[in-house]
Each structure stands twice: as C-alpha cells, then as structure tokens.
Amino acid sequence: MSLIGTGSEPLRVAIIGAGPAGFYTAEHLFKQKELVVEVDMFDRLPTPFGLVRAGVAPDHQKIKSVTKIFDRIAAKPGFRFFGYVEIGKDLLIEDLREHYHQLVFTTGAQSDKNLNIPGIDLRGSHAATNFVAWYNGHPDYRDLKFDLSVERVAVIGVGNVAVDVARILCRTPEELRRTDIADHALAALSNSQVKEVYILGRRGPAQAKFTPLELKELGELEDADIIVRPEEAELDELSMATIANADRGTVRNTQLIHDFSTRSLSNKSRSLHLRFLVSPVELYGDVGGNVSGMRLVHNELYATDAGTLRPKATERFEELMVDLVFRSIGYRGVPIPGIPFNESWGVILNKEGRIIDPLTENPCLGEYTAGWIKRGPSGVIGTNKPDAVETVKHMLTDLQKGQILHPSASNGVAIEQLVRERQPNYFNYEDWTRLNEVEVNRGIAEGRPRVKITTIDEMLAVKRLAVVH
Ligand code: NAP
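So the sequence shown is numbered by our numbering: it starts at 15 and just counts up by one.
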C-alpha cells in the first residue's frame, strides 16, 4: 500500500488544461475523503475555463454559470492554477514527471476536422472553430478577419457548433450587445451585410446532431426567419423505420423541423435556411480567389451493416451561391509531443483515461487523460464529469498499487520556483480573479455580462497593475 496521498506525503497531480474536464478531474480527486491531494492546473492561456470561455456562445450565458462550480473547486486547499504556462515550451513534460506523481492531460480538441473537397482552401472558406474562437475573444484568434460584407453564407454541418455560428450571424447588433461577445466581433457583426445563411446537413432531420433547445432557438430569432423545405423536413423510409425507437431529442428535433417547414415568412431582415441531405462537393472561386459558390450533391440514406444510416450521393446536383463558408464538421485534438496519439481518432491513445504506450500496449506509468482529448469532441460540458470520474477511478487504483511516478522533488515548492524562472508572468487564480473582476466591471458599465480582455498584453497589464497597487 502506498503512503503517497497522506498528510505527510500528499499525492501531487498536474492537470494540463484548465477546461471543464480539468476542473471535473480536480473535483473528483478532492472528493476522496481518505486522500490528501495537491492539484496544480496548468493552462497556456492566462485565463481558465477552456471552451466555456472560448467556445460557448456569448448569447448562452446560463451555460457559462458552470464557472461558479469551477471557482469552488479552485478554492479547495491544495489547488493551484498556473496560467500562461505552456507545457512543451515553458515547462517540459519531463519537468512535470520530476515534480508530480500523476499527470492528467485535459487539453481538449483545439483544431478542426478536414473537409477534402476542391476549393476548400479558397479565401472566405473558414473553420467554424476559428470563427467561434474569434467572436469569443480567444487571444490567438482575435486578429482573424472574416468578410461580413457579403450577403450569403453557408455553414456546413448540423451540430450545435453550426447552430451557434448561424445564430450569431443572424443576431441583431442589439441582441449581441447584451452578451459578452468580444468587442472586435461585436463591431464587425454590427456592420454585417449577411442576409441569407444556409446550414447544410449531409443526412436527414432524424440524424442531425444539434440538440432540441438549440434548434428551437433558431425559430425564435428577433430578426431572422427560419426556412425549411417541406420535402427535406419529411423523413425518408429508413428514418421513419428508426424513429419509433429513437431518443427523445431526435424525435423532438424532427417535430421542430417539421413545424419550421410549415411556417410562413414574417419578412424579417435575414433568412436562415436549414437544409438536409445535401453535401458540398466543390467550392467555386472568383478571379480573385474568393469563394463565390458551391456545388451540392443531393444524398439519400442507406443502412450500414451496423444499422447506421449513412449518406450516399445521388446524381442530383445543385449550385448554391455563397461568398463565405464555415466548415462546422467537428473539432479535432492536437497531439502533445511525447504523448502517444491516435491519429485517426484525433485523441490521446488511452484506455478509459489511462494513457497507453503504443509499443507495449501497457499503460504509461502515472499518465492519464480526460475530456475531449480522451474521447473525442462529443457531448455537452456535463459529459466531462462522468468522463473525469472514470479517469480518476483508474488513478486511484494505480495509486493503491503504488503504480505512480516517483518525482525527485519532495514537495510542491520546487515546481512553483521553476515556473517563476521559466515564466515569471504566470497567472495564479488570484490574478485570474482580478482579471475577471476588471472584465465584469467593464461589463456593468455597458449593461453586459462582461467586456472581455482579448490580448495577452492587456491581461499582463492588468496583472502588473494589481501588483503595483
Ligand atoms: P458534431 O455535433 O459532431 O456535429 C458535426 C456535424 O458535422 C454533423 O452534422 C456531421 O454530420 C457533420 N459532418 C461531419 N463530417 C462531415 C462532412 N464530411 N460533410 C458534411 N458534414 C459533415 O460537432 P460540433 O457541432 O462541432 O459539436 C461538438 C460537440 O460540442 C457536440 O457534442 C456538441 O453538442 C457540443 N456543443 C454543445 C453546445 C451546446 O450545448 N449548446 C454548443 C456547441 C457545441 P454526420 O452526423 O452525418 O457525421
């Protein structure tokens, strides 16, 4: 039995990535009554919360209230935050192995899936994930440019991110001004000339990935009409056969889509077209190399041996004139140098959260993962909780067996010293709390939830100012 995890020798855990999966992992560790644990959470940004800050749509403030739970976790004795510390640059994984008994990688999915069709790299074709990070004020994406002087836009994919992107494009400046959307995005979207937004699903209404609440919201926009073609709202025979056993969300989606298809237009300024059973097969460009349209093929569904309904191209084509395209076909994890990665799935190679050595197929001692970088980009924020619990269960089993790293450092002092040396500007949770207060106070002045600080320089300036005072 291991003595690590007792008052004299707390279990020291490094969590890399301060998003929901990281916080839920910390929470479950702190919940262990018999365990004395110290958790250091690292993030390459000065700000915590991952996609809750940089991904959740600005007009979905309720979802963001989950950060109150994260604040409570951060307040636990034994928790430290090291923001603006990049693992692989400021600290190496080797450094972490020298200071912790267990490492947990919760870095999420920071990239997007590829869509390999001709023209996909034309100017005006963007990953939706970049647009999301831009309007949410992620420092790495704030300087991107999206040409919103165009009138017609396509969003490829029918998941919740596609819905977020389409909704933000259709919101009025007044609606957006009530949110914490980044100022640069508020300014650009307030001048937007976009009139028609097309969301394109390659399968039918019963296979759409969005959730009913998010779908319903598309029918409630202040100044955009939702349009669904009646023939595309109708379920094909194969979908009809599965709907009796479908989950409630799917049934609700199909009902909502049917209702939308029966609506008459109310002459709003924008139109949001929700299309099904169509796939882009090529993007067209103008002489300047900008997107000017796309060729769509109409699909029909077929059942795989496993019973899944997949799209199959027919010989019916259609041209859709759009000048801006957002590819919203899913996020993808980015490999961490030195950590085994499953390229085809875009996740860290793992079994229920234990990182697996591809050569021996055995778990890598003391190394774990949770969240999207463990299971792929699926589920809502809360899905990361049971996911983290599963990982922690294995961490505790391995601790019991003494199967942990044996760091040379004997306590948590040395790593703090090392961080100070390598990244003197690192943010602790107090620094973040002050930054948060500045943002919220700026928001109060404007009647908004917060006004985000979106450059690292300004974040550092706020930290320096606090030190001076
Ligand atoms: P997603 O839910 O996996 O949806 C991806 C969409 O892209 C699907 O409609 C998929 O169609 C389509 N797609 C994939 N490959 C394609 C291709 N080659 N051509 C055309 N379409 C293609 O991913 P997401 O929207 O990025 O969302 C990621 C996760 O975050 C989801 O779990 C989502 O629910 C969650 N999220 C939640 C909220 C919220 O709760 N409000 C907001 C945003 C995101 P197929 O189904 O046919 O593959």
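Ideal Cβ placement from N, Cα and C applies to all residues, glycine included. Predicted, not measured: the structure shown is a model, and the values here were computed from it.
CA-to-CA distance, residue j to residue i, given in whole angstroms
i	j	result
Q221	D319	17 Å
Y155	A142	12 Å
A180	P421	49 Å
T186	S204	7 Å
A68	P438	25 Å
D126	R346	5 Å
D2	R436	Because the chain is modelled from 15 through 483, residue 2 falls outside the range shown and cannot be assessed.
Y114	G390	26 Å
W446	T256	49 Å
V348	K45	30 Å
I195	K76	14 Å
E165	F340	14 Å
L17	N425	14 Å
V427	L379	23 Å
Residue i: first and last residue of the uninterrupted beta strand (DSSP E) it sits in
i	result
A402	Here A402 belongs to no beta strand (DSSP E); instead the alpha helix (DSSP H) covers N398 to Q414.
I240	A238 to I241
R434	Premise fails: R434 lies in the alpha helix (DSSP H), V427 to R436, not in any beta strand (DSSP E).
V53	V51 to D57
Closer than 7 Å: residue i CB and nearest ligand 1 heavy atom
i	result
E296	no
V361	no
R217	yes
A35	no
T264	no
P400	no
P132	no
L129	yes
P391	yes
I170	yes
N376	no
T4	Residue 4 cannot be examined here, being either before or after the span of the chain that is shown, 15 to 483.
G344	yes
Spatially closest choice to residue i from the options, by CA coordinates
i	options	result
T225	L270, N205, Y212 and T374	L270
G97	D135, V433, N356 and G416	V433
R192	I369, V465 and A480	V465
Y440	D239, L59, P34 and E357	L59
V175	Y316, P72 and I470	P72
L449	G461, I470, E430 and Q46	I470
A327	S22, V311 and P294	V311
E366	E404, V208 and G390	E404
I387	G215, E332 and G64	G64
F274	E48, E234 and D57	E234
Q431	V99, P24 and I29	V99
F145	H272, E460, G133 and D161	D161
E381	G396, D412, L288 and I395	D412
L38	K230, D197 and A384	Before going on, a small fix: residue 38 reads as Tyr here, not Leu. Closest option to Y38, Cα to Cα, is A384.
Residue i burial status per 10 Å Cβ neighbour count (16 or more: buried)
i	result
K399	buried
W359	exposed
L334	buried
T61	buried
M254	exposed
P372	exposed
L110	buried
Residue range of the unbroken alpha helix (DSSP H) whose run includes residue i
i	result
S204	D197 to S204
Y38	P34 to F44
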